[in-house]
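Novice:
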Amino acid sequence: SFADVSFLVGTLIDKFLYHIPLYRQHQRLTAAGITLSRQTLTNLVQRAIMLLEPVYYAQLSSILLSETLLMDETYVKAGRAEKGKLNQAYFWPVYGDKDEVAFAFAQSRRHEEVGKILGSYAKTLVTDGYEAYARFAEKTSELVHALCWSHTRRRFLKAEAETPELVKDALRQIGKLYDYEAQMRRKKIRGPDKLAFRAEYSRPVVNDFFSWLKEVMRRECLEPSNLFCKAASYAFEREAGLKVFLSNPEVPIDTNELERVIRPIPMGRRNWLFCWTELGAEYVGKVQSLLQTCRLQGVDPYTWLVDVLQRVDTHPAFDVHLLTPRLWKENFAVAPLRSAIDR
1012 SFADVSFLVG TLIDKFLYHI PLYRQHQRLT AAGITLSRQT LTNLVQRAIM LLEPVYYAQL
1072 SSILLSETLL MDETYVKAGR AEKGKLNQAY FWPVYGDKDE VAFAFAQSRR HEEVGKILGS
1132 YAKTLVTDGY EAYARFAEKT SELVHALCWS HTRRRFLKAE AETPELVKDA LRQIGKLYDY
1192 EAQMRRKKIR GPDKLAFRAE YSRPVVNDFF SWLKEVMRRE CLEPSNLFCK AASYAFEREA
1252 GLKVFLSNPE VPIDTNELER VIRPIPMGRR NWLFCWTELG AEYVGKVQSL LQTCRLQGVD
1312 PYTWLVDVLQ RVDTHPAFDV HLLTPRLWKE NFAVAPLRSA IDR
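Residues in the sequence shown are numbered from 1012 upward in steps of one, following our numbering.
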């Protein structure tokens, strides 16, 4: 490439970490006296991401080996449906227990997409209450399906205007669970001690919460259309999944950790609005997977990209996993390759 690696990396960082669309970057380059066509800029970004694709797939493979896996979905406008309209596609982010994330792309939110992404995964899956995950769990007998308390809490919060006192009581009880989780983080309680702590403090709260809900539903005679009634039904239908964290110390109480990681996608949508093609959306997911994992691993994305884009050409294919941010930190971070401008 006639472009130095520092230029390629700067363009990727601006576009995907700081959400500056290429047309704005092109305007800045033009203002600085650099003559470059928009198409050339697009091609450079696409070809740089293509070089990173094997690293992305190696990272996805690592994530799917996790004992505990978090999964969610978020929409993206990608590809033309018809004149004047765009398809609504989805990223299905998966977050592994080694602090790695992958934004798998699919053209729909259909139930079968979960199986396409997870394949034969059969350990512990933590999700919200979307039925697609439950259908996947039903087909995989060895899979343990844990559910998110944060999503359950939000259901009750929606009913606050209709039944403020009941909602206040529900949120107070759920809040106790979060207080205990915060205590364990502060005291750095892990493993068997975490399991014992949850058994002593969190389990009685969970049992009391569901007993209280049953009593409220029996006593109040709420209409099925009542939002509190809907929130209670949501919780009852998912009671088993909401209790999984009590029997496994490695299972988080919610999927909030993943939701924080996927924030760049909705933030980016406000700037670049849509992806012109499905392939473009797929590239967005792959590069965001690697950049956000850099942040999770405490790796500087610029340093990692400059090194890997130069190293990938000569690096053995069977060792491509060593270039993922988590393993790169252990193997190459001490003496990373630099660009000509950084040396």
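Glycine residues also receive a C-beta, built at the ideal position from the N, C-alpha and C atoms.
Only a predicted model underlies this, so the values are computations on that prediction, with no experimental measurement involved.
#1: Apart from the five residues on each side of it in sequence, which residues of its chain come closer than 7 Å, Cβ to Cβ, to residue 1016?
#2: By Cβ distance, which residues of its chain are closer than 8 Å to residue 1037, with the 5 residues on each side in sequence left out?
#3: Roughly how many angstroms separate the alpha carbons of residue 999 and residue 1273, rounded to a whole number?
#4: By the 10 Å Cβ neighbour count, where 16 or more other Cβ atoms means buried, how is residue 1026 classified, buried or exposed?
#5: Let's see if you can read the secondary structure: which residues bound the beta strand (DSSP E) around residue 1156?
#6: Using 8 Å for Cβ pairs, my map puts residue 1296 next to residue 1092. What's the rounded Cβ distance?
#7: Where are the beta strand (DSSP E) runs, 3 residues long or more, that stay fully inside the stretch 1063-1107, in chain order?
#8: So the candidates are 1125, 1082 and 1231; which of them puts its Cα closest to the Cα of residue 1177?
#9: Between the stretch 1103-1122 and the stretch 1071-1082, do at least 3 Cβ pairs fall closer than 8 Å?
#10: Is residue 1045 buried or exposed, if buried means 16 or more other CB atoms sit within 10 Å of its CB?
#11: Mind checking which residues open and close the alpha helix (DSSP H) that includes residue 1227?
#12: Going by the beta-carbon positions, is the gap between residue 1298 and residue 1137 smaller than 8 Å?
#13: Looking at C-beta atoms only, is the number of pairs between the stretch 1193-1200 and the stretch 1162-1182 that lie closer than 8 Å three or more?
#14: Given this structure, state the Cα-to-Cα distance separating residue 963 from residue 1333, to the nearest angstrom.
#15: Identify every residue that forms a DSSP beta bridge with residue 973.
#16: In or out: residue 1242 buried (at least 16 other Cβ within 10 Å) or exposed?
#17: Check whether the stretch 1146-1157 touches the stretch 1214-1221, taking contact to mean three or more Cβ pairs, one atom from each stretch, closer than 8 Å.
#18: If we call anything under 8 Å between Cβ atoms a contact, is residue 1112 one with residue 1303?
#19: If you drop the 5 nearest sequence neighbours on each side, which residues of the same chain put their C-beta closer than 6 Å to that of residue 1171?
#20: Once the 5 residues before and after residue 1245 are set aside, which same chain residues still bring their CB inside 8 Å of it?
#21: Please identify the residue among 1084, 1224, 1329 and 1353 whose C-alpha is closest to the C-alpha of residue 1142.
#22: From the DSSP output, read off the bridge partner residues of residue 1137.
#23: For residue 1312, report the span of its alpha helix (DSSP H) as first-last.
#24: Relative to the C-alpha of residue 1157, which residue among 1130, 1063, 1258 and 1070 is closest?
#25: Identify every residue that forms a DSSP beta bridge with residue 1286.
#26: Please name the residue in 1250, 1144, 1043 and 1110 whose C-alpha comes closest to that of residue 1125.
#27: Put residue 1273 into one of helix, strand or coil per three-state DSSP.
#28: Apart from the five residues on each side of it in sequence, which residues of its chain come closer than 8 Å, Cβ to Cβ, to residue 1185?
#29: CB-CB under 7 Å to residue 1270, same chain, minus the five flanking residues each way: which ones, in chain order?
#30: Which two residues bound the contiguous alpha helix (DSSP H) that contains residue 1336?
Specialist: Reading it off the structure:
#1: 1317, 1320, 1321 and 1350
#2: 1047, 1049 and 1052
#3: In the structure displayed, the chain extends from 1012 to 1354; residue 999 sits before or after that span and is not available.
#4: buried
#5: 1155-1158
#6: Wrong, their Cβ atoms sit about 20 Å apart, outside the cutoff.
#7: 1079-1082, 1085-1093 and 1096-1106
#8: 1231
#9: yes
#10: exposed
#11: 1214-1231
#12: no
#13: no
#14: No answer is possible for residue 963: the residues shown for the chain start at 1012 and end at 1354.
#15: Any question about residue 973 goes unanswered here, given that the chain covers just 1012 to 1354.
#16: buried
#17: no
#18: yes
#19: 1178
#20: 1140, 1163 and 1166
#21: 1084
#22: 1081 and 1157
#23: 1312-1322
#24: 1258
#25: 1089
#26: 1144
#27: coil
#28: 1160, 1163, 1164, 1167 and 1220
#29: 1083
#30: 1336-1342
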